[in-house]
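Quick notes on the structure that follows.
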Amino acid sequence: MILAPLHDDLCLVYGPTDDLSEEVAEALALIELDLDGPAA
2 MILAPLHDDL CLVYGPTDDL SEEVAEALAL IELDLDGPAA
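Taking my numbering, the leading residue of the sequence shown gets 2, the next gets one more, and so forth.
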């Protein structure tokens with residue numbers, strides 16, 4: 002995933018509980034769900 006390195010960098014700089022780090026993690030989760038297709 003192209004945004005995963007961004008999330009890794011944000012976690013290193015700001016920590017995993019930073020608002021921006023959490024927003025990127027949520028966006029990645031949504032993108033991954035969308036790529037997996039509709040739920041069965």
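Idealized CB from N, CA, C, for every residue including glycine.
| Close-in-space but distant-in-sequence residues of the same chain around LEU31 (CB under 7 Å, 5 per side omitted) | For the purposes of this step, residue 31 is identified with residue 30 of the sequence shown, where counting begins at 1. Exclusion of the five residues before and after LEU31 leaves no residue of its chain whose Cβ lies closer than 7 Å to its Cβ.
| task | Go ahead and pull the three-state DSSP assignment for LEU4. | result | On the sequence shown, residue 4 is found 3 positions in, with the first residue counted as 1. Looking at LEU4 - three-state DSSP - the assignment turns out to be coil, as it is neither helix nor strand.
| Integer-rounded CB distance, given that LEU29 should sit under 8 Å from ALA5 | Start at 1 with the first residue of the sequence shown, and residue 5 comes out as number 4. Start at 1 with the first residue of the sequence shown, and residue 29 comes out as number 28. Yes, ALA5 and LEU29 are in contact; Cβ-Cβ is about 7 Å, under 8 Å.
| task | Report the rounded CA-to-CA distance for ALA26 versus LEU13, giving the unit in angstroms. | result | Numbered from its first residue, the sequence shown carries residue 26 at position 25. Numbered from its first residue, the sequence shown carries residue 13 at position 12. Taking the straight line from one Cα to the other gives about 14 Å.
| field | Contact set for LEU7: own chain, Cβ-Cβ below 7 Å, skip 5 residues either direction | value | The residue you call residue 7 lines up with position 6 of the sequence shown. The answer, listed in chain order, is VAL25.
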